[in-house]
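Read through the structure below, which is laid out as structure tokens, and then see the notes.
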């Protein structure tokens, strides 16, 4: 009898369902943050980020909103809000779900760093999703099975992943990094949304930090929504307003004096008042909507106390305001707004020629403490630029030459050695050689470039290949190319670095427009002639439309040469190669110290003796297919 009662009791317990909750309530009741993915480990508290409550509740099952758009600055909790929704779906409203990151690699990172912690540290979820290490658990890197549903993770760069399954829920993170056209099938966002068309009560969450005006997908989605802003009351007059950068005030370039000026009473209040006005804040729609799409915009001025402070924001702005690229990052990541680039502005060769300075060619100016070189390989010549760099990436053209010959033979490469191994004299008396020499391997002499760079690795010579993929980092980590007969990589074999040419050109052209010396400014010596500047400005950025979406492209003027630009791009990539090898926080301190102390440098003969194949350029015996 006792056994029967126990069985009946267990059955009743199994039939007892959790009372209906919205996403924010579920998070506060169940979510536990771990120290690996969060700076504030422990139970989730809605009062810490009150601006996330309404966006999360729009994702609740009983809410009529179908599409939620979060155009947020960085580190404001948008991804954590998405994680709360994922947990809510697994335990409270199970169904098929698709989670999309910009790339498969980022999807893998999300699975490891966030989802595993979300599941393992939240008891209600760990009881529903089997441990990833258990056999046939259904819990893999890209798939999470749970009662009543499945969660699939994929990258926006995978057309197969986006068309593989119908689903009720979709979470698309950082959509501004999604490809505009995927395998000629359309943009990734539209392809993903089609997976939900058969579900009447679908939910779609799109989040991103914005990028360039007119090119930002999150901005486009936000403008098509009801455009909600978080209004907070003034601590003096009680007037509601959303926080704007234009109302942030400080004195004498001192970030510690920062205050916010009320747009109603003109009184100022300080950051410690956040506890008051964030708690009483409310989201207000500023545009009409169809009732199915809710859009939310938020900047870092709302960041909770203990996160990014107002003084840090002002400090970031003061450091970035003189550099268009750093300013763009500030506008995107801190203000959560798109950056408007002036595409009509043209950098002319005649304008740059007026900036020529009288410093001697081959002489390193005092502020330049790092040398990098870029080498462009043409069918009948090599073009070489040597650039000096100082604090704030201020740059000086040290030398630009072209040497003619056959890149398929050895003589031209021996001339390149003689050109680049000679010491360049610093104004303070020291002598430097280039710290990094980046040689383009994308032409007709790829094997010759690999052979040349293989034997000169310890002298900073690297093989590079340009990539026009959008938003690519200036230079990637190297990829080993040489294989032995067993198919294993050779430790000291050839190595290839991919350069984000589109990214670098955008940066450099913005800096060519600088009129004031200092961080980011580019100097040219007296030997830079008209032809050099024509090559430097031979390309321009144009906008073309692919299936209705604007795409930026760099195009070269007809019949124009662009070796001066290419070699500058490669030299700048070489500078970022140094960032990979050294601590970016102290690199300039270290190199400036080198500039003040006369160091020893090997003479030409000793340097050449270090090169194993100094008389000829040998092709590798084993080279993998690239």
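In my numbering, the protein residues as written are 1 to 626.
All C-beta atoms, glycine included, are put in the ideal place defined by N, C-alpha and C.
Contact check, residue 336 vs residue 298 under 8 Å by CB: the rounded distance? Residue mapping note: residue 336 aligns to position 336 of the chain shown, counting from 1. Residue mapping note: residue 298 aligns to position 298 of the chain shown, counting from 1. Yes, they are in contact, since the Cβ atoms of residue 336 and residue 298 sit about 6 Å apart, within 8 Å.
Check whether the region 179-194 touches the region 121-133, taking contact to mean three or more Cβ pairs, one atom from each stretch, closer than 8 Å. no
With DSSP collapsed to three states, give me the class of residue 598. Your numbering for residue 598 matches position 598 in the chain shown. Note on residue 598: pLDDT 48, under 50, position unreliable in the model; the coordinate value appears next. Coil at residue 598, not helix or strand.
The region 49-59 / the region 279-295 touching (three or more Cβ pairs under 8 Å): yes
If distances are taken between C-alpha atoms only, which option among 431, 460, 215, 400 comes closest to residue 338? As a first step, residue 338 is located in the chain shown; it is residue number 338 there, counting from the start. The candidate whose alpha carbon is nearest that of residue 338 is 215.
So is residue 517 buried or exposed if we call it buried at 16+ other beta carbons inside 10 Å? Walking along the chain shown from the start, residue 517 turns up at place 517. Under this definition residue 517 is an exposed residue.
Using the Cα positions of residue 265 and residue 237, report the straight-line distance between them to the nearest angstrom. The residue given as residue 265 occupies position 265 in the chain shown. The residue given as residue 237 occupies position 237 in the chain shown. Approximately 7 Å between the Cα atoms of the pair.
Which of helix, strand or coil DSSP assigns to residue 122: Counting from one through the chain shown, the residue named residue 122 turns up at place 122. Residue 122: coil per DSSP, three-state reduction.
Could you check if residue 607 is buried or exposed, using at least 16 other CB atoms within 10 Å of its CB as the buried criterion? For the purposes of this step, residue 607 is taken as the residue at position 607 of the chain shown. Low per-residue confidence applies at residue 607: pLDDT is 42, beneath 50, and the placement is therefore not dependable enough to give any value.
Where the beta strand (DSSP E) through residue 440 begins and ends: One-based indexing of the chain shown puts residue 440 at position 440. First-last of the beta strand (DSSP E) with residue 440: 436-440.
How many whole angstroms separate the CB atoms of residue 228 and residue 296, which I take to be in contact at a CB cut-off of 8 Å? Stepping through the chain shown from its first residue, residue 228 is reached at position 228. Stepping through the chain shown from its first residue, residue 296 is reached at position 296. The pair is a contact, with the Cβ atoms about 5 Å apart (cut-off 8 Å).
Do you know how far the Cα of residue 64 is from the Cα of residue 202? To locate residue 202, count along the chain shown from 1; it is residue 202. To locate residue 64, count along the chain shown from 1; it is residue 64. Approximately 10 Å, taken between the alpha carbons.
Burial state of residue 306, where buried means 16 or more other Cβ atoms lie within 10 Å: Residue numbering aside, residue 306 sits at position 306 when the chain shown is read from its first letter. Exposed, because fewer than 16 other Cβ atoms sit within 10 Å of the Cβ of residue 306.
The region 494-503 in contact with the region 569-576 per 3-pair CB rule at 8 Å: yes
With 16 as the cutoff for other CB atoms within 10 Å, does residue 526 come out buried or exposed? As a working mapping, residue 526 is identified with position 526 in the chain shown. Residue 526 comes out exposed.
Residues in the same chain with beta-carbon distance under 6 Å from residue 312, minus the five sequence neighbours each way, listed in chain order, please. Translated into positions along the chain shown, residue 312 becomes position 312. Counting only Cβ-Cβ distances below 6 Å, and skipping sequence neighbours, we find nothing.
Quick one: what's got a C-beta closer than 6 Å to residue 388's C-beta in the same chain, skipping five residues either side? Here residue 388 refers to the residue found at position 388 of the chain shown. Closer than 6 Å at the Cβ level, and outside the excluded window around residue 388, lie 364, 368, 371, 396, 398.
Rounded to whole angstroms, what's the CA-CA distance from residue 256 to residue 592? Just pull it up for me. On the chain shown, residue 256 is found 256 positions in, with the first residue counted as 1. On the chain shown, residue 592 is found 592 positions in, with the first residue counted as 1. Cα to Cα, the separation comes out at about 29 Å.
Touching by the beta-carbon criterion (3+ pairs, under 8 Å), the region 308-326 and the region 506-520: yes
Drop a sphere of 10 angstroms on the beta-carbon of residue 198, count the other beta-carbons inside from all chains shown, and report buried for 16 or more, exposed for fewer. In the chain shown, counting from the first residue as 1, residue 198 sits at position 198. When all chains shown are included, residue 198 counts as exposed.
4 or more residues per run - each alpha helix (DSSP H) lying fully within the region 372-451: 411-420
Residue 565 (DSSP reduced to helix, strand or coil): Numbered from its first residue, the chain shown carries residue 565 at position 565. In the structure shown, residue 565 sits in a helix (DSSP, three-state: H, G or I).
Determine the burial state of residue 20: buried for a count of at least 16 other Cβ atoms within 10 Å of its Cβ, exposed for fewer. Here residue 20 refers to the residue found at position 20 when the chain shown is read from its first residue. Exposed is the call here.
By DSSP, does residue 552 sit in helix, in strand, or in coil? As a working mapping, residue 552 is identified with position 552 in the chain shown. Strand, per DSSP.
7 Å CB neighbourhood of residue 649 in its chain, flanking five on each side removed: Any answer about residue 649 is impossible in this case: the structure gives the chain only from 1 up to 626.
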